[in-house]
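Counted from 1, the sequence shown has number 27 at position 28 by numbering that gives the first Met the number 0; the numbering is strictly sequential. Beta carbons are placed, not taken as given, at the ideal position from N, Cα and C, and that holds for glycine. Beneath this line is the structure, given in structure tokens, with notes to follow.
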Amino acid sequence: MKWLKEGIIEKVTVEEENLWGHYLLHRHVLKENSTTRLIPVFDASAKSKNGLSLNQCLETGPNLIELISSILLRFREKEIGVISDIEKAFLQINITPKDRNVLRFLWWNKNNIIEIYCHRRVRIAQEDQFIHMSDTIKKLFSSFYVDNCVTSVDSVEELYQFKEESKILMTEGGFNLRGWEYTHCEEPHQLTSVLGLTWDKREDVLMLKCSKFSEIMKEKITKRIILTISHKIFDPIGFACPVLLYPKLLLQTINTLEWDTEVPQEVEHEFRKWYYQLHLLKEVKIPRWISNSYRADNNISFHVFVDASQVAYASVIYMRTQSLTDTKIQLIAAKSRVTPNKKMTIPRLELLAATIVLTWIQRESQWPTFVWNRVQEIRKITNVGCWRYVPGVLNPADLPSRGCTTKQLIESKWWEGPDWLYNSEKWPTSEYYINNEEINSKLKKSASKKSEESINLNSFCQNNDVREDNSSNKNNDEWHLRYFSRYTKLVRMLGWIRRFIHNAQVNVKLRKRGELSAREFCEAEKTVLRFVQEESFSGNQDSRIKDFRVYTDRDNLIRIKTLITQRDDDINFREPVVLNPKHPVVMSLISHYHEKLHVGVQTVLNEIREKFWILQGRKSVWMIVNKCIICKRYKASHVNAELVALPKNGVGNGVQFEISGVDFAGPVYLKVKIPKRLGLND
């Protein structure tokens with residue numbers, strides 16, 4: 000075997016065969032047009048019925064898919080595109096001897112006898128650093144995706160220098176960089192694959208890969224088939240994101256169906272209509288070199304467009320190159336995303352792309368923390384004057400925010416940009432008007448009657464900040480944490496806000512005065528619990544509470560139906576409110592109950608379950624009790640004094656009356672003389 004001679008694998012000895020080990024399944028893959036024609040593939044995801052696979056036992060690494068977009072942008076940056084790959088990259092990495100037993104596999108030898116092998120690799124020593132190749136080292140660091148090197152250079156001279164220095168550097172590390180291809184190179188194959196895209200080296204253009212699914216389309220259309228076909232088109236830059244958005248919207252409409260259930264007829268009709276135009280994407284050719292009109296005297300600017308609709312939101316980036324003779328616009332990248340199924344208020348969508356954002360960016364007001372932090376980040380990297388409002392009809396991001404068919408995309412000017420962008424005199428002005436009262440009225444209309452009070456309170460606390468209904472938004476402004484460390488203070492604060500709102504809406508004679516009543520405190524606590532549940536759960540069907548029998552009461556609180564529902568007792572005891580243990584307010588609630596008596600975990604948990612049901616309650620209570628400083632002081636072990644040995648005279652084996660003494664004097668009596676005191680009488 001070639002691998003055995005090269006030291007890539009080793010045979011397991013007879014003594015080691017009885018030791019514990021994991022065996023990998025393997026098969027062969029034949030690639031006619033590849034540099035490595037026959038590739039053995041080992042399946043580390045295979046597992047037994049009740050066991051775990053090797054992949055499940057390994058630590059999860061970083062998501063490398065996110066690197067593809069940036070690598071492709073660098074690939075399009077300069078005049079000559081360059082690609083190569085590492086020969087047998089994964090076989091050049093050393094495996095420690097103790098880990099080789101989990102990488103065993105079985106093999107038939109020439110005599111049809113099963114033999115056991117395991118993977119190994121001898122590490123090759125590295126030489127000193129090459130200081131004179133620092134530029135090449137930096138380029139290599141940012142050009143690799145797994146074993147593929149993808150980059151670009153400015154000239155033929157730089158190409159040969161990069162090629163030679165890269166080979167030397169990679170060889171010193173034990174890697175052979177091979178398969179070099181570049182723009183206009185004399186190769187028999189005009190088309191080659193680059194990180195999921197097709198590159199025509201002769202025309203220097205990029206194209207999408209579109210597979211044929213004629214056999215699959217003969218079957219009944221299910222949610223699984225729609226997802227399979229839509230994900231077969233890999234588009235990391237977003238050339239065709241308006242087209243690829245269409246099946247995502249269809250999947251969202253049938254998300255309640257099972258994977259292998261046939262979709263409704265109207266959905267099937269729309270999907271087939273979209274699929275039969277998909278082959279037209281092969282005609283789309285995007286120039287690889289985005290700076291082919293670059294000169295020192297040219298004016299280059301980047302224009303980012305964003306837009307949102309009720310179904311999706313999107314962003315598009317164009318590069319505008321203006322010379323003395325003409326103006327050229329090229330599509331750099333685009334992204335679109337489907338809006339969640341959870342109902343969102345219009346201002347939350349506008350937060351992603353619209354006029355409210357422009358107001359936040361351009362005004363110098365002290366916005367709420369959620370808005371202010373993001374505005375500051377935007378102002379650090381952009382100029383406030385660069386932000387403009389573009390009407391929806393003129394906005395190129397309107398197309399990927401709504402989706403379209405392939406034919407509609409080809410007929411549009413998606414890749415060239417809008418006509419008005421070529422002439423700066425035709426750019427839309429930034430004049431727009433925002434009525435805060437109108438925005439507030441839209442907020443109230445978009446919210447349900449039950450959450451109207453929560454929106455008013457949230458607007459009061461966060462200065463008309465936008466909010467998402469029934470969502471667990473981790474980026475929301477946690478005002479309840481920033482200003483109140485105790486649960487009771489938070490509840491009382493909301494109680495006073497509720498009273499203020501009440502007094503502002505009624506006649507002077509009907510206004511409430513004095514301290515908060517018990518009823519006001521209870522209503523404020525319900526408001527706090529609603530906030531907590533809205534930020535923690537997506538509704539009654541949330542996966543974390545699907546095993547419980549839950550319902551929403553008239554106060555819009557999610558409660559658990561227990562076995563003692565028919566008991567004549569308080570509703571909080573019979574049907575407790577369910578809470579998320581990871582929410583900061585819930586942690587404050589647990590601390591509040593513990594600080595009453597500073598008792599143990601079980602006692603605190605019993606007190607809490609009189610009203611609430613906290614998921615993983617025992618663990619959450621233990622975390623609070625374990626951090627309590629007062630409890631640690633009382634439970635601390637006392638300092639024990641070290642016992643000192645008795646003196647030698649006290650422990651010796653002496654004879655009775657060996658030492659004795661006689662009291663000759665006896666008791667001594669003393670007479671105390673009291674001085675005379677004279678007094679004067681008037």
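When you compare the CB positions of alanine 332 and glycine 195, do they come within less than 8 angstroms of one another, or not? The count along the sequence shown starts at 1 and reaches residue 332 at position 333. The count along the sequence shown starts at 1 and reaches residue 195 at position 196. For alanine 332 and glycine 195, no; Cβs fall outside 8 angstroms.
If distances are taken between C-alpha atoms only, which option among Arg608, Lys281 and Gly616 comes closest to serine 210? Locating residue 210 in the sequence shown gives position 211, where the first residue counts as 1. It is Lys281.
Hey, quick one: how far does the alpha helix (DSSP H) through valine 505 stretch, first residue to last? As a position in the sequence shown, residue 505 is number 506, starting the count at 1. Premise fails: valine 505 is in no alpha helix (DSSP H) and is neither H nor E.
Between glutamate 218 and isoleucine 224, which are expected to be in contact by the criterion C-beta below 8 angstroms, what is the C-beta distance as a whole number of angstroms? Sequence index remark: in the sequence shown, residue 218 carries index 219 (1-based). Sequence index remark: in the sequence shown, residue 224 carries index 225 (1-based). Between isoleucine 224 and glutamate 218 the Cβ distance is about 7 angstroms, and since that is below 8 angstroms, they are a contact.
Rounded straight-line distance, which links the Cα of asparagine 254 to that of aspartate 84: Your numbering for residue 84 matches position 85 in the sequence shown. Your numbering for residue 254 matches position 255 in the sequence shown. Rounded to the nearest angstrom, the two C-alpha atoms are 40 angstroms apart.
At the level of alpha carbons, what is the spacing between proline 235 and lysine 247? Numbered from its first residue, the sequence shown carries residue 235 at position 236. Numbered from its first residue, the sequence shown carries residue 247 at position 248. Taking the straight line joining both Cα atoms gives about 16 angstroms.
Could you tell me the distance, in whole angstroms, from the CA atom of arginine 26 to the CA atom of tryptophan 2? Here the question's residue 26 lines up with position 27 in the sequence shown. Here the question's residue 2 lines up with position 3 in the sequence shown. Cα-Cα distance, rounded: 16 angstroms.
Alpha-carbon to alpha-carbon, isoleucine 79 and lysine 162: Working through the sequence shown from its first residue, we reach residue 162 at position 163. Working through the sequence shown from its first residue, we reach residue 79 at position 80. Distance between the alpha carbons of lysine 162 and isoleucine 79 is about 13 angstroms.
Does DSSP put leucine 604 in a helix, a strand or coil? The residue you call residue 604 lines up with position 605 of the sequence shown. Helix, per DSSP.
Coil, strand or helix - phenylalanine 304 by DSSP: Counted from its first residue, the sequence shown places residue 304 at position 305. Here phenylalanine 304 sits in strand by DSSP.
Can you tell me where the beta strand (DSSP E) with threonine 191 in it begins and where it stops? Position 192 of the sequence shown, counting from 1, holds the residue named residue 191. Element bounds for threonine 191: 190–193.
Per the contact definition of three or more C-beta pairs closer than 8 angstroms, is the region 103–123 in contact with the region 315–328? no
Whose CA, out of Pro399, Glu524 and Ile92, lies closest to the CA of valine 490? The residue labelled residue 490 in the question sits at position 491 within the sequence shown. Comparing alpha-carbon positions, the option among Pro399, Glu524 and Ile92 lying closest to valine 490 turns out to be Glu524.
Inter-residue Cα distance where the pair is threonine 182 and arginine 99: Here residue 182 refers to the residue found at position 183 when the sequence shown is read from its first residue. Here residue 99 refers to the residue found at position 100 when the sequence shown is read from its first residue. Taking the straight line joining both Cα atoms gives about 42 angstroms.
Three CB pairs or more closer than 8 angstroms across the region 300–309 and the region 271–291: no
State yes or no: is the C-beta of tryptophan 621 within less than 8 angstroms of the C-beta of proline 575? Translated into the one-based positions of the sequence shown, residue 621 becomes position 622. Translated into the one-based positions of the sequence shown, residue 575 becomes position 576. In this structure, proline 575 does not lie closer than 8 angstroms to tryptophan 621 by Cβ.
Can you tell me whether tyrosine 633 is buried or exposed, with buried defined as 16 or more other CB within 10 angstroms of its CB? Along the sequence shown, one-based indexing puts residue 633 at 634. Exposed, by the Cβ-count rule.
Given that a residue counts as buried once 16 or more other Cβ atoms are within 10 Å of its Cβ, and exposed if not, what is threonine 405? Translated into the one-based positions of the sequence shown, residue 405 becomes position 406. Buried.
8 angstroms CB neighbourhood of histidine 21 in its chain, flanking five on each side removed: As a first step, residue 21 must be located in the sequence shown, where it is residue number 22. Excluding residues within five positions, the ones whose Cβ falls inside 8 angstroms are Leu53, Asn100, Val101, Leu102 and Arg103.
Quick one: complete alpha helix (DSSP H) runs, 4+ long, within the region 490–561? 517–535
Quick check: the region 596–604 against the region 624–638, are there 3 or more CB pairs under 8 angstroms? yes
Exposed or buried, valine 650, counting other C-beta atoms within 10 Å across all chains shown (16 or more means buried)? Your numbering for residue 650 matches position 651 in the sequence shown. Valine 650 comes out exposed.
Which two residues bound the contiguous alpha helix (DSSP H) that contains glutamine 55? Within the sequence shown, numbered from 1, the residue matching residue 55 stands at position 56. Start and end: 53–56.
Can you tell me the Cα-Cα spacing of histidine 593 and valine 585, whole angstroms? Walking along the sequence shown from the start, residue 593 turns up at place 594. Walking along the sequence shown from the start, residue 585 turns up at place 586. About 12 angstroms.
For tyrosine 144: DSSP bridge partner residues: For the purposes of this step, residue 144 is taken as residue 145 along the sequence shown, with counting starting at 1. In DSSP, tyrosine 144 forms a bridge with Asn147.
Cβ separation of valine 204 and valine 149, assumed to be a contact under 8 angstroms, to the nearest whole Å: Taking the first residue of the sequence shown as position 1, residue 204 is located at position 205. Taking the first residue of the sequence shown as position 1, residue 149 is located at position 150. So it is not a contact: roughly 16 angstroms between Cβ atoms.
Whose C-beta lies closer than 7 angstroms to the C-beta of alanine 45 among residues of the same chain, with five residues either side of it excluded? Here the question's residue 45 lines up with position 46 in the sequence shown. Closer than 7 angstroms at the Cβ level, and outside the excluded window around alanine 45, lie Leu24 and Ser52.
Okay, do the region 526–537 and the region 548–564 touch, 3+ Cβ pairs below 8 angstroms being the bar? yes
DSSP-derived helix/strand/coil call for arginine 287: Taking the sequence shown and counting its residues from 1, the one referred to as residue 287 is at position 288. Three-state DSSP puts arginine 287 in coil, outside helix and strand.
Starting from the C-beta of threonine 526, find all residues in its chain whose C-beta is less than 6 angstroms away, skip the five residues before and the five after it, and write them out in chain order. Numbered from its first residue, the sequence shown carries residue 526 at position 527. Here the set comprises Leu493.
Could you have a look at glutamate 452 and say whether DSSP puts it in helix, strand or coil? Taking the sequence shown and counting its residues from 1, one reaches residue 452 at position 453. For glutamate 452, the pLDDT reaches just 38, beneath the cut-off of 50, and the residue's location in the model is therefore unreliable, leaving the point undetermined.
Express the C-alpha separation of glutamate 58 and valine 155 in angstroms, rounding to a whole number. On the sequence shown, residue 155 is found 156 positions in, with the first residue counted as 1. On the sequence shown, residue 58 is found 59 positions in, with the first residue counted as 1. Cα to Cα, valine 155 sits roughly 43 angstroms from glutamate 58.
Limits of the alpha helix (DSSP H) - the one that glutamate 609 falls within: Walking along the sequence shown from the start, residue 609 turns up at place 610. Per DSSP, glutamate 609 belongs to no alpha helix (DSSP H) and is neither H nor E.
Pairwise C-alpha distance: proline 39 and glutamate 114: Here residue 114 corresponds to residue number 115 of the sequence shown, with the count starting at 1. Here residue 39 corresponds to residue number 40 of the sequence shown, with the count starting at 1. Just so you know, the alpha carbons of glutamate 114 and proline 39 end up roughly 17 angstroms apart.
Considering only C-alpha positions, which residue in the set Ile377, Pro61, Tyr312 and Asn340 is nearest to asparagine 394? For the purposes of this step, residue 394 is taken as residue 395 along the sequence shown, with counting starting at 1. Answer by Cα proximity: Tyr312.
What do you reckon, are the CB atoms on tyrosine 144 and isoleucine 67 nearer than 8 angstroms? To locate residue 144, count along the sequence shown from 1; it is residue 145. To locate residue 67, count along the sequence shown from 1; it is residue 68. Yes, the pair counts as a contact, with Cβ atoms nearer than the cut-off.
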